[in-house]
Amino acid sequence: MSQAAQNLNWLITSFVDNTPGVSHTVVVSADGLLLAMSEGFPRDRADQLAAVASGLTSLTAGASRIFEGGPVNQTVVEMERGFLFIMSISDGSSLAVLA
Numbered sequence: 005m006s007q008a009a010q011n012l013n014w015l016i017t018s019f020v021d022n023t024p025g026v027s028h029t030v031v032v033s034a035d036g037l038l039l040a041m042s043e044g045f046p047r048d049r050a051d052q053l054a055a056v057a058s059g060l061t062s063l064t065a066g067a068s069r070i071f072e073g074g075p076v077n078q079t080v081v082e083m084e085r086g087f088l089f090i091m092s093i094s095d096g097s098s099l100a101v102l103a
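Numbered by our numbering, the letters in the sequence shown go through residues 5 to 103 in order.
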């Protein structure tokens, strides 16, 4: 793992550890590849979250284009026992947060 990836893992793990209610976080590339994940999140689950986040990001961007809504700032999925927040970050990547 590169130093940059280790730094990103450390940063998002710190976010999870210091933000009440947040359980896991991943960073996903524009093409759906897992770039970083918070410590303690099993790799297979992180890969699944990366795929979900990538798909939802693509769907919401498409809806925004069709309905001329401008750039998507965030996507929120409210579930019975939690939330999934997806935000765009640099270079087309996304931050997905489970809370």
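For glycine and all other residues, C-beta sits at the position ideal for the given N, C-alpha and C.
Only a predicted model underlies this, so the values are computations on that prediction, with no experimental measurement involved.
Could you check which residue in the options has the C-alpha nearest to that of residue i?
i: residue 32; options: 12, 68, 103, 76; result: 12
i: residue 44; options: 8, 27, 36, 15; result: 27
i: residue 84; options: 90, 102, 20, 47; result: 102
With DSSP collapsed to three states, give me the class of residue i.
i: residue 39; result: strand
i: residue 20; result: helix
i: residue 100; result: strand
Between residue i and residue j, what straight-line distance do the alpha-carbon atoms span, to the nearest angstrom?
i: residue 87; j: residue 53; result: 13 angstroms
i: residue 39; j: residue 18; result: 16 angstroms
i: residue 29; j: residue 98; result: 10 angstroms
i: residue 58; j: residue 6; result: 23 angstroms
i: residue 62; j: residue 93; result: 14 angstroms
i: residue 22; j: residue 41; result: 15 angstroms
Could you give the first and the last residue of the continuous beta strand (DSSP E) run that contains residue i?
i: residue 30; result: 28-32
**Message:** Going residue by residue through the stretch 43-98, where are the continuous alpha helix (DSSP H) segments of at least 4 residues, counting only ones entirely within it?
**Reply:** As far as the stretch 43-98 is concerned, its whole alpha helix (DSSP H) runs of at least 4 residues are 47-70.
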